[in-house]
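Quick notes on the structure that follows.
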Amino acid sequence: MNADPTTTGHVEARAALLLLADGRLPAGGHAHSGGVEAAVLGGDITGLDDLAEFLRGRLATAGLLAASFAAGVCRAVHAAASAAAAASAGPASPAGPASPASPAHAAGPANPAGPAHAAGTKGVPLLDVLAAFDDEVDARTPSPAQRAASRAQGRALMRVARAAWPVPAQPSAPHHCVALGLVAAAAGLEPRDAALAAAHASVNGPATAAVRLLGLDPLAVTGLLAEIAASVDSTAFKADQASLGSPASLPAGSAPHLDLLSERHRTAQVRMFTS
């Protein structure tokens, strides 16, 4: 007999994925165009065909990077929670080694501060592991404007998530993909889920911005996103596999045009979006 998913937390976790991927989540994503506004002003995007090319390029570069880091952080948090649970059980526990636990259950008498203070990868404190991920994102983000936007979104996501899940107070303003991985783990999601949410956000937000900036037919843009959906899923799969490595080994695909668009947008006199 199959287990009732309502008793395993599976349904709750999948619903959490939908919530994280919802553009209406009040985490500030609606205020960022992902480079679309500067591309529209510069004449790079004038219609649906241009938008499709832009989104596919963004998914293959910035999207893969964000998805890989979100999955890597989620995996690291789960590993820390599992290590903390095993340590609290002790070697003499009749139950044997602890099974992987979600960060939502990591806090308790043996770990009162939550997962942020649990042991991280190979005994490294989790906060240090998260800092390593954050530093690697910094190294892959040459544009100061993009770094600022990413941290602003990360700070907003962490603030919103703390109202819904047991998300630790630190780090306070990580890069958005780092925050997404941490929040996904706290919500009971798996690394592949975190990767999917990040890959989806990398195209969905910019597509929505294009509708507002160019007055495109929302139905046509939705159709475009449906066409890209298979690529989003494939990107999430690649990111999940890549996240098995160390933070330094994660994808570092560059997108110089996005960097230039971000810097151009920062100096624009009139802007609808923050970035």
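If you count by my numbering, then the sequence shown holds residues 300 to 574, one letter each, in order.
Each residue gets a CB set at the ideal place from its N, CA and C atoms; glycine is no exception.
If we call anything under 7 Å between Cβ atoms a contact, is residue i one with residue j?
| i | j | result |
| --- | --- | --- |
| residue 316 | residue 492 | yes |
| residue 483 | residue 373 | yes |
| residue 464 | residue 478 | no |
| residue 551 | residue 366 | no |
| residue 539 | residue 490 | yes |
| residue 359 | residue 425 | no |
| residue 357 | residue 501 | yes |
| residue 428 | residue 375 | yes |
| residue 480 | residue 314 | no |
| residue 459 | residue 326 | yes |
| residue 519 | residue 347 | yes |
| residue 564 | residue 336 | yes |
| residue 560 | residue 388 | no |
What's the C-alpha gap between residue i and residue j?
| i | j | result |
| --- | --- | --- |
| residue 444 | residue 504 | 17 Å |
| residue 332 | residue 312 | 28 Å |
| residue 562 | residue 442 | 7 Å |
| residue 495 | residue 567 | 32 Å |
| residue 361 | residue 456 | 18 Å |
| residue 432 | residue 516 | 39 Å |
| residue 386 | residue 530 | 40 Å |
| residue 556 | residue 341 | 12 Å |
| residue 451 | residue 524 | 26 Å |
| residue 514 | residue 453 | 29 Å |
| residue 466 | residue 430 | 16 Å |
| residue 541 | residue 476 | 15 Å |
| residue 488 | residue 321 | 15 Å |
| residue 522 | residue 468 | 39 Å |
| residue 510 | residue 364 | 25 Å |
| residue 526 | residue 344 | 18 Å |
| residue 354 | residue 506 | 8 Å |
| residue 558 | residue 384 | 42 Å |
| residue 549 | residue 537 | 11 Å |
| residue 597 | residue 377 | The requested residue 597 is not part of the displayed model; the chain covers only 300 to 574. |
| residue 434 | residue 535 | 22 Å |
| residue 423 | residue 512 | 46 Å |
Classify residue i as buried or exposed, calling it buried when 16 or more other Cβ atoms lie within 10 Å of its own Cβ.
| i | result |
| --- | --- |
| residue 571 | exposed |
| residue 470 | buried |
| residue 440 | buried |
| residue 323 | exposed |
| residue 533 | exposed |
| residue 569 | exposed |
| residue 319 | buried |
| residue 371 | buried |
| residue 381 | buried |
| residue 574 | buried |
| residue 462 | exposed |
| residue 547 | exposed |
| residue 543 | exposed |
| residue 334 | buried |
| residue 438 | exposed |
| residue 448 | buried |
| residue 412 | With a pLDDT of 36 at residue 412, under the threshold of 50, the modelled position of that residue is not reliable, and the figure given next carries that caveat. The residue in question, residue 412, is exposed, as its Cβ has fewer than 16 Cβ neighbours within 10 Å. |
Item to check | Ranges of the alpha helix (DSSP H) found wholly within the region 465-519, counting only runs of at least 4 | outcome: 475-485, 490-513
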